[in-house]
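Number of protein chains: 2
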Amino acid sequence: MNDLFKALNDPTRRQILELLKEKDLMAGEIAAHFDISKPSISHHLDLLKRADLVIGIRQGQFISYSLNMSVFEEVIQWLMQFKEIKP
Amino acid sequence: MNDLFKALNDPTRRQILELLKEKDLMAGEIAAHFDISKPSISHHLDLLKRADLVIGIRQGQFISYSLNMSVFEEVIQWLMQFKEIKP
DNA sequence: TAGTTATTTAGGCAAATGTCTAATTATTAA
DNA sequence: TTAATAATTAGACATTTGCCTAAATAACTA
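Those sequence lines, one after another, are chains A and B. For what it's worth, UniProt numbering labels the leading residue of the first sequence as 1, then goes sequentially. For what it's worth, UniProt numbering labels the leading residue of the second sequence as 1, then goes sequentially.
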């Protein structure tokens, strides 16, 4: 849960997730959307990977990133507990 | 959304939310649950307030904190977008 | 009013975070 | 095998974060 919220706590990383929602992208394609150096984007992708929010698969020279939907459910469930009625 | 994820990105603050889920508490009661100084807890409560996740109401000498449920929905909705089917 | 209790604000410090450039690794192509 | 391209890793630096102690504010009580 800690890694998850840490990964989500950055506007660039959240935007990367929104890009990947539309379609899978190569690391370079992702970087092209931002005014940030490629190494920095690579670092953001690393954090997203550690949190299991995205998966990177090498395709030859490139690495294709995609969302790992299932982990979002975990965060949603954690948040849902607060919607229950108080005793 | 930024303030929200920032506020959620800390284990102490998440635990405070879980405590308040059970029942409203005074600042001092919250602090008593942690091995952290009262000023630090006060600072955590301030971040939670800024994110609108909690509300603090003075009751005489004390300040009673309670969850502001409605804001959780906002985060849940943001996360839900990733569960939709890809085109 | 003076003293006590509850809480926050201020200021300082170490650790974590986000960014950059330079160097490295992996893969393809000539 | 050498050169070129894609991406990551390494190291440095400024900013942010979380914690502390000391001081300030707010409200009750004798």
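Each residue gets a CB set at the ideal place from its N, CA and C atoms; glycine is no exception. Bear in mind the structure is a predicted one, so any value in this text is a computation, not a measurement.
Looking at chain A, is there any beta carbon in it that lies within less than 8 Å of the beta carbon of V75/B? yes
Under 8 Å Cβ-Cβ, which residues of chain A neighbour L48/B? Here the premise fails: no neighbours, minimum Cβ distance about 12 Å.
Between the region 7–20 of chain B and the region 23–33 of chain A, are three or more C-beta pairs nearer than 8 Å? no
In angstroms with no decimal places, state the Cα-to-Cα distance between S70/B and G60/A. 47 Å
Please list, in chain order, all residues of the same chain as V75/A whose beta carbon is under 8 Å from its beta carbon, the five residues on each side excluded. M1, L4, F5 and L8
Taking only the alpha-carbon atoms, compute the straight-line gap between A51/A and R58/B and give it to the nearest angstrom. 39 Å
Considering Cα atoms alone, identify which of I36/B, S40/B and S66/B is closest to I55/B. S66/B
On the three-state DSSP scale, how would you describe Q61/A? coil
Which residue from E29/A, D35/A and L79/A puts its Cα closest to that of F62/A? E29/A
Let me check one thing: in DSSP terms, what residues is S66/B bridge-paired to? I55/B
Inter-residue CB distance, L47/B and R14/B (contact presumed, cutoff 8 Å): 12 Å between Cβ atoms; not a contact.
Rounding to the nearest angstrom, what Cα-Cα distance links R53/A and L53/B in this structure? In the sequence as presented, Arg is not what sits at residue 53/A; that position holds Leu. Going from the Cα of L53/A to the Cα of L53/B covers about 24 Å.
Using a Cβ-Cβ cutoff of less than 7 Å, which residues in the same chain neighbour F34/B once the five nearest sequence positions on both sides are dropped? T12 and I41
Does P11/B have its Cβ less than 8 Å from a Cβ in chain A? yes
For W78/A, which residues in the same chain have their Cβ closer than 7 Å to its Cβ, ignoring the five residues on either side in sequence? M1
According to the neighbour-count rule (16 or more other Cβ atoms, all chains shown, within 10 Å of its Cβ), is A31/B buried or exposed? buried
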